[in-house]
Amino acid sequence: VRSLEIVLPDGAIINVKRGEHFADSSGMLSVNGKRLAIPDIHMPQCKNAAGLYSRPGMDLIDLFIGSEGILGTITGVELWLERKLPSISVIKFLESESIAFDFVEALRKSTEFKPVFIEYVDERGMDLLRKKRKNDTSSINIPDIGEDLRTAVFFDLLLDGMDIPMAAEIIGRIENGLGIEDGKSWCAWEDIETERIRAFRHALPETVNTAISEIKKTHPAIHKLGTDLAVPSEKFREMSAFYHGLLDESGLKYVAFGHIGDDHLHINIIPENEDELRKGFDIYKKLAAKAVELKGTVSAEHGIGKIKRNYLIEMYGEKGISEMAGVKSFLDPQWLLNRNNMLEYRERP
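Count along the sequence shown from 1, add 1138, and you get the number used in the numbering used here.
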């Protein structure tokens, strides 16, 4: 985000350009001629979209980005766009979660290329995709998935300074170093084939939503419980083991997929009745608490809204929430904008 036009709650219009306004050494930002203290909170060292942004020396524009509309109304946005470069898309089918995690770590550590993104589908998700391909004629774009292929890692690689054979050779070396058999990949570089990769990438969440829709016909109150948790890289495997331990013991149906390159998996719990929904909420709270314990976040990309306010308190504590509420009250003394979104309304003393 290069610049923002923002209407503040008092009607003032400000234009904030990146690189022009920074917090000073005392932690103060200048906003429309007034000095505002940035929140004194510790941000997690991972992908994060929970709460207001705060860093020493931060840029003013980052206070408003991701603030969920509680600080001002954004009426104009200027963006930088990156030049689109040639790339290849790859799906690597693997025999176990452990091997998939090893492969992801090797991709991230490679000094020869850097993936644009790395995504993951667990064995439960693979089972759902196999069933969808078998029973749904509209899913012909999903590749045939052998029963022995339990997980999938898919990623894009920019062909910046390399050709397709060079990229394939690098991937092959990574596989050989991990003892992974060749021939269980699907690669694409032409538009029609990359579209099939894209269809595969989106098929699983759509399949989960379809399953929930069927359950709602009998239990209208049912809905999916999808986590948005992320942790630092060195804690990812510990968090994953906690997911499986808690959910396998519960007996609830679930799948795990998502942005493994950012140590950010979505765990989708699929309750089949109201009792399972209540059990799912209890488990979600424990998962969120574990992510915080591991110095992670309760929301890596979707924000807090009204539903996850209690998780934000779990993450930052009462002091951190008060710091954020102080910024809200400074810019919006009457709490006119999105009251109770992210932060519970507090009357000023």
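Glycine included, every Cβ here is placed at the ideal spot set by N, Cα and C.
Since we're looking at a predicted model, the values are computed, not measured.
Each of Met1196, His1340, Lys1446 was checked against the Cα of Asp1162, and the nearest Cα belongs to Met1196. Inter-segment contact for the segment 1425–1445 and the segment 1379–1386 is present: three or more beta-carbon pairs are separated by less than 8 Å.
The shortest CA-to-CA distance from Glu1257 to any of Ala1238, Arg1271, Thr1249, Thr1348 is the one to Ala1238. Taking the Cα positions, Pro1224 is about 19 Å away from Thr1249. The alpha carbon of Gly1399 has as its nearest neighbour, out of Val1369, Glu1319, Leu1209, the alpha carbon of Val1369. Between Leu1201 and Leu1190, the gap from beta carbon to beta carbon is short of 8 Å. When DSSP states are grouped into helix, strand and coil, Met1166 belongs to the strand group.
A straight line joining the alpha-carbon of Phe1231 with that of Leu1469 spans about 51 Å. In the DSSP assignment, Pro1253 forms a beta bridge with Leu1295. When DSSP reads this structure, Leu1142 sits in a beta bridge with Val1154, Val1215. By the Cβ neighbour-count rule, Arg1140 is exposed, with fewer than 16 other Cβ atoms within 10 Å of its own. Annotation for Asn1479: Glu1206, Gly1207, Ile1208, Gly1443, Lys1444 place their beta carbon closer than 7 Å to its own, counting only its chain and skipping 5 residues before and after. Secondary structure note for Asn1448: its alpha helix (DSSP H) is the uninterrupted segment 1447–1469. The secondary-structure analysis by DSSP pairs Ser1323 across a beta bridge with Lys1230. Looking from the CA of His1357, the closest CA among Asn1411, Arg1339, His1402 belongs to Asn1411. Judged by their CB atoms, Val1291 and Phe1241 are nearer to each other than the 8 Å cut-off. For Asp1420, the three-state secondary structure derived from DSSP is helix. As the crow flies, the alpha-carbon of Leu1474 is around 13 Å from that of Leu1481. In this chain, the alpha helix (DSSP H) harbouring Gly1315 covers 1302–1316. For Tyr1392, the uninterrupted beta strand (DSSP E) run begins and ends at 1391–1397, by DSSP.
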